[in-house]
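Here the protein sequences come in this chain order: E and A. Residue numbers are given in my numbering: position 16 of the first sequence equals residue 16, and the series is strictly consecutive. Residue numbers are given in my numbering: position 234 of the second sequence equals residue 348, and the series is strictly consecutive. Yeah, the Cβ is synthetic: ideal placement off N, Cα and C, and Gly gets one too. Keep in mind that this is a model prediction, so the values were computed, not measured. Please read the structure below before turning to the comments.
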Amino acid sequence: MGETSTPEQTNLLQGTLDLLILKTLSLEPMHGLGISRRILQITGGTFDVKPGSLFPALHRMEQAGWLAPSWGESEHGRRARYYALTRAGRRQFHTETSQWGRIAHAMDAALKAT
Amino acid sequence: MPLLARLASLRRSLFARRSAERDLDDEISGYVAMLADENVRAGMSPAEARRQALLSAGGVEQLKENTRDTRAGIFWETLGKDVRQGVRSLARSPAFAAAAVVTMALGIGASTTVFSVVEGVLLSPLPYRDPGRLVMVMHHGDQPVAPANFLDWRRQSASFERMGAADFWVPNLTDGEVPESVQAVHLTSDVLEQLGVAPRLGRLIRPDEETPGRDHTVVLADSFWHRRFAADPTVLGRVIHLNGEPYTVIGVMPPGFEFPPFWATGTELWAPLALKERAGSRDAQSLRLFARLKPGVTLAGARAEMAAIAARLERQYPGSNRDVTVTPLSELVVGNVRPALLVLMAAVAFVLLIACANVAHMQLARAATRQKEIAVRGALGASRSRIVAQILTESLVLGIAGGAAGLLLAAGGIRAVRAWGPAHLPRLEAIGLDPAVVAFALVLSLLTGIAFGLAPAILTSRRDPARALTVAERGSTEGARKNRLRNVLIGSEFALALILLVGAGLMIRSFLALGRIDPGFDARGILTMTVSVAGSQESGPSRRAAFYQAMVSSVERLPGVVSASAINHLPLAGDLWGWSFTIAGRPKPPPGENPTAAYRVVLPGYFRTMGIPLLRGRDLAADDRRDGPGVVVINQWMAERDWPGQNPLGQRITFDNGQLHPYWLTVVGVAKNTVRDEWVARPWAEIYLPLLQTPGYLERTSTAYSYLTLVVRGRGDPSSLAASVRKAIHSLDRTVTISAVQTMDDVVAQATARPRFYLWLLATFAGIALTLAAVGIFGVMSYAVSRRTHEIGIRIALGARRSDVQKLVIGQGMAAALLGAGAGLAAAIFLTRLMRNLLYGVGPNDPATFAEVPLLLTAVALVSCWIPARRAMRIDPLEAIRHD
């Protein structure tokens, strides 16, 4: 359930949350709770995104034109706001992915250096 | 944020705030519900599941608050970023920004000023109830009506709810130390009733007060109530003395109430009109009829009915009911300035268009030099709409800055119009920077901002970034499309400027023609003032002649005075009475066809003082008295009309109205023609009678016969005589009133104020237009040369002569300018016809103006192209080719 909170979970790198949301939505449109569950799942339980950071992020990304919201029904019959990637969102996802790759590679190299 | 997304979110956050709020509520409560569902599925009781869900959501309200903040923050932050970036990038090119803002400010300032005038004078309705149904029933549109006709029309017509009559009146208020002359109107009860404005105190005039003996009541204007009674609420029932007679105050009108809205402007007193013995007269035409159309009756219907009534009466009383007209009141108030204001509006629209065209190609040139920057941004992933949004924001920043500067200019402009505008421009007091005008300026500046931002924005962003980068890199020749757009802009500027200049040229010519009109008198050195004996001790029949003579001789004794005299109605500034007369020894013409002439009553020395040459015969003399034979001087126009080819001297006439001069008058002199009541009116017959032989002016106590205008010719500045002349008159009698003290030069200046005002405005606009067009073509050609440095370098290196280069550049600029000027010339031929009513002594298609203006414009275009062309000629080929 992710009730426990560890330092790793709160200290999400700036920009990491956006990238994780973009990644989640690149597979299929999803509502808020679904997004946080999926992130928890694909990060192996490392990142449990709290609603207090999730919803502002979703609305910010919507305003940036990356996400398009629409109302739908959840798997258990609840009315829910689904988010889908726009074309700009997809482009942003690719840009951030390659950027992340470069950063990760550079950090890795830097930390291994002796 | 891309433009569309921003607009969508702007709409959401501003206009659909409630629906956005509901969305947020639903989303969060859905989230909590789903979380609770999970908990239930994990085995919790529903209540516990919900409690846990709320707990882990961390406070629903706070969550919503955070999300809301994010949304609002981003919108303003992005907008702020774009505005800051716009301002920064404008600050990097201050010359461009300044030129654009000044151009916009001129355009917006001029158009807001003129719009204010048009709004105040033409668009805002008259301040009465349902003013569209108020009409005037008159002769020939605006000529007054005789009392008997008024009574017949009112009785016989069925088109009007009410019809009332008003009569001009300037009584002397004789309460207090020094009497004061007041503008007033006598009117029947219907006139005020039909306006639908309630008095702030008391009541309006009642029908039973239109009878002699009960007519000494008066309604006060708010201004008079404040001035004379310090806004005393117990004023009703108090008595004021007008021409020495007591009038009881029955009402006070609300502040801002004004009537009539033209003619007798500034009226402060309204008193009942009792027609008395005049009621049967069909000759004394002095009434103005105000009427309100019945609901459902059209103007055409009322006109048809009045035409039928007039035709019937004309058969009964020949010559009495010619050309009876029904005219909307608003038409009479603003009718004769409407064409001028519409022409000014058009002129101002042209200035604004030229300003926009200028800023548009400034932007275009700027966008071209920034192509690389924009291309780099595009390559880095900025979307097209993002770039367009940013350029647009920059344009809007310029537009708003220009709008603010323009508003400042307009505030000054409106002040100038109110200060220097012609005094007779109707409803001048209604002009101001009111909310409607400010809204106009704001919309104008925003629209202009969008308009001139859009073309460059689209052109720039349409480019494929890769191509733009390489083209910008090489910096060689430019796209043909952009050249064409620039040529169109230059061409339209010159077309518009040409139309404006032709308009201004025609105004200048007609103003010069106005200046060449010979008034017939020598206005220099003359001081005039109106002296009224109404209500004073001098108004008695036995004293008046002696007082007037004593007045003139005591003024003539003053140092600095050459001569003095007096007349009943001064040309240009005074009234004009026309009387019909009969010539001795001629058969009586059919009724209504007798010759008429202006009725001027003078003291001896009038012609000498005014500098009016006597062409034949003698002047009227001091010994032309009532006991001697009746004599008159006529003007040249009358001599030629009534005695063509004969000697008018010794001929005899008599006025048809026997009350005036029940005896024959002999023509003893012929004077030069003078201007009449209006500067441009054609000359007309005039008869000058000696005051000392005129019973009306010696005996009648009505206000119209109780004043004269004193004319004084002095050495040097006539206005310096005003104080000593006033003192000399008051030392004879303190109870006479002196008003309208002005020099004859001022009188002439006022008579030509309106054309001068239009000329001044139109010339200002034409000057602005010419400057903007010149700056525009100069800027474009300089820019074109700097962009083509590389190409020109190659041409020179390949052997082109420098004079060829100069010709190339000048030719290119001139082609666009001349093409535009040609189009403007064609348009001007049609457009100047709208000015026909404003012109005097020059046709709307005056060939000289149409020849000179294109020459002037060509010269300006040549000079503007010449400077950049010289720079092109001096390009060093080696430098140029090596350059970028």
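Not a single CB atom of chain A sits nearer than 9 Å to the CB of GLN99(E). DSSP lists ALA785(A) as the bridge partner or partners of ASN749(A). Here ASN472(A) is not bridged, per DSSP, to any residue. In this structure, DSSP gives PRO374(A) a state outside helix and strand, which the three-state scheme calls coil. Each of PRO758(A), ARG480(A), ILE640(A) and ARG402(A) was checked against the Cα of SER834(A), and the nearest Cα belongs to ILE640(A). No Cβ-Cβ contact shorter than 9 Å links THR441(A) with GLY310(A). Contact between GLY649(A) and PRO360(A) does not hold, since their C-beta atoms are separated by about 12 Å, which reaches or exceeds 8 Å. When 8 Å is used as the limit between beta carbons, ALA84(E) is near no residue of chain A, the shortest such separation being about 14 Å.
Within the model, the alpha-carbon separation for GLY957(A) versus PHE964(A) is close to 11 Å.
In the structure shown, GLY72(E) adopts extended strand secondary structure according to DSSP, grouped into three states. The stretch 826-905 of chain A is shown to contain whole beta strand (DSSP E) runs of 3 or more residues at 851-857, in chain order. Contact of LEU33(E) with chain A is assigned, a C-beta pair being separated by under 9 Å. GLN257(A) carries a strand assignment under DSSP once its states are collapsed to helix, strand and coil. Excluding its 5 nearest sequence neighbours in each direction, LEU803(A) has C-beta neighbours in its own chain below 6 Å: VAL715 and VAL746, listed in chain order. When C-beta distances to chain E are compared with 7 Å, the residues of the stretch 162-182 of chain A below that value are ALA171, GLY172, LEU177, ASN180 and THR181, in chain order.
Residue-level contact by beta carbon holds for PRO56(E) and chain A, with a gap shorter than 9 Å.
Contacts with chain A at 9 Å (Cβ-Cβ) include ALA80(E).
A contact between stretches requires three or more CB pairs, one per stretch, nearer than 8 Å, and the stretch 319-339 of chain A fails this requirement with the stretch 260-270 of chain A. For ALA405(A), same chain residues with a beta-carbon under 6 Å away, outside a window of 5 residues either side, are VAL249, VAL251, PHE274 and MET277 in chain order. In the same chain as TYR82(E), and ignoring 5 residues on each side of it, the C-beta atoms closer than 8 Å to its own belong to PRO29, MET30, HIS31, PRO69, SER70, TRP71 and GLY72, in chain order. For TYR82(E), the enclosing beta strand (DSSP E) has its first and last residue at 79-85. Here VAL669(A) is near VAL826(A), since their CB atoms are less than 9 Å apart. TRP778(A) is classed as exposed because its beta carbon has fewer than 16 other beta carbons within 10 Å across all chains shown.
Contact note: SER74(E) reaches chain A through MET148, using a C-beta cutoff of 7 Å and chain order.
Inclusion of PRO453(A) and LEU628(A) in the CB contact set at 9 Å is not warranted, their separation being larger than that value.
Between the alpha carbons of GLY810(A) and ALA680(A) lies a gap of roughly 16 Å.
Proximity of chain A to PRO51(E) at the Cβ level (cut-off 7 Å) is accounted for by TYR145, ALA171, GLY172 and LEU177, in chain order. No Cβ-Cβ contact shorter than 9 Å links LEU149(A) with LEU17(E).
Following the DSSP letters along the chain, one finds TYR720(A) in no beta strand (DSSP E) but inside the alpha helix (DSSP H) bounded by residues 720-724. Between THR184(A) and chain E, the shortest Cβ-Cβ separation is below 9 Å. One Cα belongs to LEU948(A), the other to PRO208(A), and the distance between them is close to 41 Å. SER679(A) has VAL825(A) as its beta-bridge partners, per DSSP. Residue range 916-945 is occupied by the alpha helix (DSSP H) that includes GLY934(A), with no beta strand (DSSP E) assigned at that position.
Each residue's CA atom was taken as its position, placing GLY520(A) and LEU873(A) some 22 Å apart.
Its chain contains VAL462 and LEU466 as the residues whose beta carbon lies nearer than 6 Å to that of SER225(A), once the 5 sequence neighbours on both sides are disregarded; these appear in chain order.
A check of alpha carbon separations from THR857(A) across PRO386(A), LEU684(A) and GLY913(A) identifies LEU684(A) as the nearest.
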